[in-house]
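Down below is the structure, laid out as structure tokens.
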Amino acid sequence: MAGVDGVLFDIEGVIVTSWVPVPGAAEVLAGLRERGVHRAFLTNTTSRTCAQIAETLSGLGMPVEPAEIVTAASLTAEYLRQTYPGRRCWVLNHGDVEADLEGIVRDEDYPEVVVLGGAGPEFSHRALSRVAELMLDGVPVVAMHRGATWQAADGLRIDTGVYLPGLEELSGQTVVAVGKPSMRGFLAAAELMGTEPDRMAVVGDDLHAEVIPGQRLGMTGILVRTGKFRQSVLDLAVERPDRVVDSVADLPELLDTL
0 MAGVDGVLFD IEGVIVTSWV PVPGAAEVLA GLRERGVHRA FLTNTTSRTC
50 AQIAETLSGL GMPVEPAEIV TAASLTAEYL RQTYPGRRCW VLNHGDVEAD
100 LEGIVRDEDY PEVVVLGGAG PEFSHRALSR VAELMLDGVP VVAMHRGATW
150 QAADGLRIDT GVYLPGLEEL SGQTVVAVGK PSMRGFLAAA ELMGTEPDRM
200 AVVGDDLHAE VIPGQRLGMT GILVRTGKFR QSVLDLAVER PDRVVDSVAD
250 LPELLDTL
């Protein structure tokens, strides 16, 4: 593994699917730690905090520290503190991620900023209509991520990124998206590991939200055929992944060749 000092993993669809471990993932993560290869985890999951994700993965036999995890919610909180300090925020999100939004002032009735997290039942017709109205009134909207889908145990689910183009077209505003595929998370993970991007590999099941953005920063992109991978997406892609493997279980053999 002389060519790789750190590996950045997506979580859902790569090392777990609906929080069931992908076969071989635990052994891969343990092997990297034993060999002194840095690890980090970058996820658009907005239903669990860093601490909850670490606890869940550790309970599944994959010991992970909260400090190794970067979530879309934690990135968004940092962005809000820097860009809109002290502003009142309405957070529309499926899941409780309060611990990752520490210090963010909440006010659903009179928001100065709208924050869109992960899509779920909260993204009702009435709620999205209100978001549109606030945008037309000039209230800025920040999305935790621009992901279009996520994989559940019983099939695909659409996510926040499906709604953003319509809201942008209606209002004439651009929604700032903080999580993947934005570069912010990839750079934060590199800093977390103390590793230069060109000495990193990024492993994901989403070509456009994970693998290609990492490659644009100089990382080696590795696309896995688990999770929400679709062969049709790969076939139509103009930008190609550096490597494609069946599963994260194939990672050690691949890294030995880099």
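At position 25 of the sequence shown (counting the first as 1) the number is 24 in numbering that gives the first Met the number 0, and the numbers step up by one without a gap.
Using N, Cα and C, we set each Cβ at its ideal position, and we do this for glycine too.
Between the CA atoms of residue j and residue i - distance to the nearest angstrom
i: M0; j: A188; result: For M0, the pLDDT reaches just 45, beneath the cut-off of 50, and the residue's location in the model is therefore unreliable, although a value from the coordinates is still provided. Answer to the nearest angstrom: the Cα atoms are 19 angstroms apart.
i: L254; j: V161; result: 34 angstroms
i: L169; j: S128; result: 11 angstroms
i: L163; j: A208; result: 15 angstroms
i: L74; j: G184; result: 7 angstroms
i: E101; j: P240; result: 36 angstroms
i: E26; j: D153; result: 26 angstroms
i: P110; j: D245; result: 45 angstroms
i: Q172; j: P180; result: 19 angstroms
i: S46; j: A72; result: 9 angstroms
i: L166; j: V63; result: 37 angstroms
i: D99; j: M143; result: 12 angstroms
i: L155; j: A147; result: 10 angstroms
i: E238; j: D4; result: 25 angstroms
i: G42; j: M192; result: Note that residue 42 is Thr in the sequence shown here, rather than Gly. Taking the straight line from one Cα to the other gives about 16 angstroms.
i: E33; j: T55; result: 21 angstroms
i: L115; j: L206; result: 23 angstroms
i: E97; j: L31; result: 31 angstroms
i: R87; j: E132; result: 17 angstroms
i: T219; j: E67; result: 19 angstroms
i: V90; j: D136; result: 17 angstroms
i: A176; j: T159; result: 10 angstroms
i: D95; j: R105; result: 14 angstroms
i: A118; j: E195; result: 33 angstroms
i: G213; j: E121; result: 31 angstroms
i: L186; j: H124; result: 35 angstroms
For residue i, three-class secondary structure by DSSP
i: F8; result: strand
i: I221; result: strand
i: G58; result: helix
i: R242; result: strand
i: V15; result: strand
i: M143; result: coil
i: T148; result: strand
i: A118; result: coil
i: G85; result: coil
i: P110; result: coil
i: A236; result: coil
i: R34; result: coil
i: P22; result: coil
i: V63; result: coil
i: V96; result: coil
i: V90; result: strand
i: I52; result: helix
i: T45; result: coil
Delimiting residues of the beta strand (DSSP E) encompassing residue i
i: F40; result: 37-42
i: L155; result: 154-157
Cβ-heavy atom distance, residue i to the ligand FAD, below 6 angstroms
i: S73; result: Judged by which ligands are present, the structure shown has none, so any question about the ligand FAD falls away.
Residue range of the unbroken alpha helix (DSSP H) whose run includes residue i
i: T82; result: 71-82
i: L191; result: 182-192
i: A131; result: 124-135
i: Y203; result: Correcting the residue identity first, residue 203 is Gly in this sequence and not Tyr. G203 -> not in any alpha helix (DSSP H); beta strand (DSSP E) instead, spanning 199-203.
i: Q172; result: Taken as a continuous stretch (DSSP letters only), Q172 belongs to no alpha helix (DSSP H), as it is neither H nor E.
i: E252; result: 250-254
i: R215; result: 211-215
*Between the stretch 78-98 and the stretch 55-66, are three or more C-beta pairs nearer than 8 angstroms?*
no
*Counting pairs of Cβ atoms below 8 angstroms between the stretch 2-18 and the stretch 220-227, do you hit three or more?*
yes
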